[in-house]
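Engineer:
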Amino acid sequence: MTWLAGRVGQAIITAVVAVILAFFVMRAAPGDPLARLGDEHPLSPRQMETLRARYGLDQPLTTQFTSFLSGAVRGDFGTSIEYGRPVTGLIIQRLPASLLLGGTVLLITFALGSWLGALQAVRSGGRTEQAIGVLSLAAYATPSFWLGLVLAWLVGIVWRVLPAAGMHDPLLPSDATFGTRAVDVLRHLILPAVTLAAVNIGATMRHQRSAMLHALREPYVQAARARGLTEPRVRWHHAFRNALFPVVTLFGLWLPLVVAGSVFVEKVFAWPGLGALAADAVSARDYPLLMGITVLVSLMVVGGALVADAAYALLDPRVRRA
Amino acid sequence: MALGAIVLFGLLAPLALPDPSAQPDIISGALLAPSALHPFGTDQLSRDVLARVASGARVSLAVAAVAVALSMTLGALVGLIAGYVGGAVDAVLMRAVDGAMAVPRLFVLLLLVAAWEQMPLVALMVMIGATGWLGTSRLVRAEVLRLKETDFVRGAEALGARAGRVMFRHLLPNTMGPLLVAATLGVGDVILLEAGLSFLGMGVRPPTPSWGGMILDGKDVLTAAPWVSIFPGLAIIATVLAVNLFGDALRAATDPRET
Amino acid sequence: MSALLEVHDLRVSFPDRVAGRIHPVDGVSFDIERGKTLALVGESGCGKSLTSLALLRLVPPPGRIDGGSAVSLDGTDVLALKGDALRQVRGRRIAMIFQDPMTSLNPVFRIGDQITEVIHAHFDVSRQDARAQAVALLQEVGIPDPAERLRAYPHQLSGGMRQRVMIAIALAGQPELLIADEPTTALDVTVQAQILELLDHLRQSRGMAMLLITHDLGIVAGRADHVAVMYAGQIIESAPTAQLFEHPSHPYTVGLFGSVPRLTGPVERLTPIAGTVPPPNAWPEGCRFRPRCPIKHPKSATMPPLLAVGPGHAMRCWLAEDER
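Residue numbers (the numbering used here), protein chains in the order written: chain A, 1 to 322; chain B, 323 to 581; chain C, 582 to 905.
1) Tell me whether PHE611 (chain C) sits in a helix, a strand or coil according to DSSP, three-state version.
2) Measure the alpha-carbon distance for ILE876 (chain C) versus SER830 (chain C) and round it to whole angstroms.
3) What does THR857 (chain C) reach in chain A if we use C-beta pairs closer than 7 Å?
4) Can you tell me the Cα-Cα spacing of MET915 (chain C) and CYS874 (chain C), whole angstroms?
5) Using the rule of at least 16 other Cβ atoms within 10 Å of the residue's Cβ for burial, across every protein chain shown, is GLY363 (chain B) buried or exposed?
6) Around the Cβ of HIS782 (chain C), are there at least 16 other Cβ atoms within 10 angstroms (buried) or fewer (exposed)?
7) Alpha carbons only, please: which of A:ALA131, A:ILE12 and A:LEU147 is nearest the one belonging to ALA164 (chain A)?
8) Restricting to Cα atoms, I'd like to know which of A:MET167, A:TYR83, A:GLY166 and A:PHE24 is closest to ALA284 (chain A).
9) Which residues mark the beginning and the end of the alpha helix (DSSP H) in which VAL265 (chain A) is found?
10) Rounded to a whole number of angstroms, what is the C-alpha to C-alpha distance between GLY9 (chain A) and SER393 (chain B)?
11) With a threshold of 16 other CB atoms inside 10 Å of the CB of THR62 (chain A), please say whether the residue is buried or exposed.
12) Which bits of chain C does GLN222 (chain A) rub up against, with CB to CB less than 7 Å?
13) Between which two residues does the beta strand (DSSP E) holding GLU587 (chain C) run?
14) Using the beta-carbon of each residue, which ones in chain C are nearer than 8 Å to THR142 (chain A)?
15) What residue does the beta strand (DSSP E) around LEU792 (chain C) start on, and which one ends it?
16) Tell me, please, which residues DSSP counts as bridged to ALA895 (chain C).
17) Under a three-way DSSP split, which group does ALA352 (chain B) fall into?
18) Using beta-carbon positions only, say whether ILE692 (chain C) and PRO735 (chain C) come within less than 8 Å of one another.
19) Residues of the segment 409–420 of chain B in Cβ contact with chain A at a cutoff of 7 Å, in chain order, please.
20) In terms of residue numbering, what span does the alpha helix (DSSP H) encompassing ALA324 (chain A) cover?
21) Would you call the CB atoms of ARG743 (chain C) and PRO682 (chain C) closer than 8 Å?
22) Of all Cβ atoms in chain C, is any one closer than 8 Å to the Cβ of THR128 (chain A)?
23) For ASP370 (chain B), write down the residues that DSSP places opposite it in a beta bridge.
24) When you compare the CB positions of ALA260 (chain A) and LEU428 (chain B), do they come within less than 8 Å of one another, or not?
25) Considering ILE558 (chain B), what are the terminal residues of the alpha helix (DSSP H) in which it resides?
26) Put LEU519 (chain B) into one of helix, strand or coil per three-state DSSP.
27) When you check each C-beta in the segment 155–168 of chain A against every C-beta of chain B, which residues fall closer than 7 Å?
28) For a cutoff of 8 Å on Cβ pairs, would you count ARG187 (chain A) as touching chain B?
29) Could you run through the segment 486–518 of chain B and flag, in chain order, every residue whose CB is less than 8 Å away from some CB of chain A?
30) If you count every other CB in all the chains shown that lies within 10 Å of the CB of GLU763 (chain C), and 16 or more means buried, which is it?
31) Are the beta-carbon atoms belonging to TRP549 (chain B) and PRO356 (chain B) less than 8 Å from one another?
32) Identify the contact partners of VAL425 (chain B) in chain A, using a Cβ-Cβ distance below 7 Å as the criterion.
33) Beta carbons nearer than 8 Å to chain C: which residues of the segment 200–225 of chain A have them?
34) To be precise: take each residue of the segment 693–724 of chain C, compare its Cβ to all Cβ atoms of chain A, and keep it if any distance is under 9 Å. Which residues remain?
35) Return the CA-CA distance between VAL890 (chain C) and GLN720 (chain C), expressed in angstroms with no decimal places.
36) Determine, using beta carbons only, whether ALA15 (chain A) comes closer than 8 Å to chain B.
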């Protein structure tokens, strides 16, 4: 257990470093954070002064930093410039949608990716493997926003099979049952999830393929064959099970990355998650909001890595502390 | 695999070369469907999409080249120092790298572009490059650690090589293999990143053509004229795929351990 | 009565960048009688493990068993079997235990499951019956507390115990022939003796034949009925055990024993045999032992066939001719 404590300690340090870096990156860039605010309604110098004071931008950098940190620790990331509401509240409001999308994408990527990756390993050197490999590389090379646009256009507009934007049907009657609502959300979920999954599946496949190739070469695979077990059983029961588990432990790592990658997809599909929020925050130059989201995602990355390590230790019967 | 890369490069090369019709504005008609005259159609400002895609190629590749060069240089530097000097320096550097890696590259770039009003192209290149060296530094450091114990390094040290400087002459060339592979694969990532930023309106700014920007433009006329968005996207796929296939082939050629 | 296993002119080849194709197993022939033990002895690299793998058609690709080879199990042509028929032999009629029990057992499954898996693969029994059989097997191989042990994972057992489990798994199919490939090499000396005793006992109680593969002549004495010595892909001497120990004839065998050969001709005293086993792509023409042989018979530029030395005793050396 001391090992776990050590890892947690490391994770905390990493998180702190990340947050500090994020803060300085943002402040280091030239440009006035409030410059854009004057676009919609011209602001008098006096009004700018007031705003500047409100956002603490008239303070020296170190003061800004300490107040930011102290706020961050309490979960307070200030007020959004664009929405005028507390950043934390905005984030919490949008988080579920992102988790839904991210979770679904992870599920698809993992289920499909591990199967395809293992298949590649089993058919190693054959045309199947190469074909799958090239396809996954092509998918990786595809910009997610472009794929989203194309799918939205084809499936949503030309063929009219699935909705192309948003998470809910605005025309749904307010007394619709939970089941109807759920189905509605699911229908809206399909396109963005497929888009994001397509672009990300390559990485999972790669890991699975290499883990499976490794497992197939282990002595116990040959020993299993020598006992007269069928080839599918040898491959999918014995080898796959061993190959699966380094990939499963990566789950913790993937979720935050998927959330990060969803910025474009959420924007294209108007999916009300953190990604779209971040994209809008960028256009609106809403620093507090952007910082809040960045800090959250960074923490998720660090947390995810920790979970992955812990999962590895817990799941491997060899490493399990008796 | 290598064959595929070569084929794709062959397809792309003519696009990337300086296009004689450097002026992408041909006033013949807006939103024309692809035809013999305009193989990729025209956009809402009557510009030939094919020509713009070609110009966009130059921009994207230029951004990628500069950014990757910067990333590789920074990464190699940090990796060499951390790996060779070791000790506290290594510990501090790697902790910093770990922390920095926790913040997704995209978000760092978002923060930067949000702060900078009118970011000039050069600044964009530098920004992208400055955010991409973390992984490379780890890579180089690992190589340096591996090579540190080899005979030829020990030999050079025994001959009294000047503190570290000459080491960079010895160690650095040997890390070139993995570095080159990382660089090639990095180009693909940068192209995708830059396209994404441009799509958000935050990367390469109009009127400079960029693939991401073109896709953004095409978004408004998607139902009427899908080709405006489709072709730049295909160009991205083809380029990144070619680059990645090439990088894979390169990796297979230089790393006998990989199966 | 014909032998249980008849191997004739077994040849295994692999593609080689330099030589085109190499033959790490090059024309091996032997018989194993029911209930008897044949020991296949040789240094590492001589092809003995590959021979055993070939018997179960487990030669790893890109290797293959060459045409002209014949492996017959009680009349069945093993080399012609496919699919289900082959699986009926593997584990069921011929079972194999491997050198390193740690890596030959799947680390993520309990040993009980690994045993019952084999039982279910070959017999149509209920889960309870299979479990009961597994317990009986563990008991038979001398594992204390067998019912408890079913739930253990491989890494929770000691090396000797793991090897016993391997044996139990091998016995689960009730095989007629057990191939033991270096069964004790990875174990402590004290445990080695126990395992060998166990194998002996099991062989007798079950009437199994056994092919014992080893590089250690020491474990062969008193345990094998026949011995075949392999070198560079060929059998270079074979004899009933007692015969071999009393009259080792091939210079290589003699070298293995480290004793003075009782053949004509001036020889130096041998202790370790000079040189190393040549790899398959560097075998000399003619007698493959020639470069290391202290005698170097004038005819050895030509490959010697197996020549009789005594009753049931043959060797691949021109010296056999001189004897007569």
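Built from N, CA and C at the ideal position, the CB exists for glycine as well.
Structural biologist: Taking the coordinates as given:
1) strand
2) 12 Å
3) What THR857 (chain C) touches in chain A: nothing, since even the nearest Cβ is about 25 Å away.
4) Absent from the structure is residue 915 (chain C), since the part of chain C shown begins at 582 and ends at 905.
5) buried
6) exposed
7) A:LEU147
8) A:TYR83
9) Per DSSP, the continuous alpha helix (DSSP H) segment holding VAL265 (chain A) begins and ends at 251–269.
10) 30 Å
11) Under the 10 Å beta carbon count, THR62 (chain A) is surrounded by fewer than 16 other beta carbons and is classified as exposed.
12) LEU639
13) 586–597
14) Neighbours of THR142 (chain A) on chain C: none; closest Cβ ~36 Å, over 8 Å.
15) For LEU792 (chain C), the uninterrupted beta strand (DSSP E) segment begins and ends at 790–795.
16) C:SER819 and C:ALA889
17) coil
18) The answer is yes: Cβ separation under 8 Å.
19) Against chain A - using a Cβ distance shorter than 7 Å - the residues of the segment 409–420 of chain B are ARG417, ALA418 and ASP420.
20) No information on residue 324 (chain A) is available, as it lies outside the stretch 1 to 322 that chain A covers here.
21) Going by C-beta atoms, ARG743 (chain C) is nearer than 8 Å to PRO682 (chain C).
22) Not one chain C Cβ lies under 8 Å of THR128 (chain A).
23) B:THR364
24) yes
25) 549–576
26) helix
27) ILE157
28) no
29) Only those residues of the segment 486–518 of chain B whose C-beta falls short of 8 Å from the nearest C-beta of chain A are listed: GLY510, LEU514, ALA517 and GLY518.
30) buried
31) yes
32) The contact set of VAL425 (chain B) on chain A, defined by CB atoms closer than 7 Å, consists of ALA18, LEU21, ALA22, THR294 and SER298 in chain order.
33) Here the close residues are GLU218, PRO219, TYR220, GLN222, ALA223, ALA224 and ARG225.
34) GLN695, GLU698, VAL699, ALA702 and HIS703
35) 44 Å
36) yes
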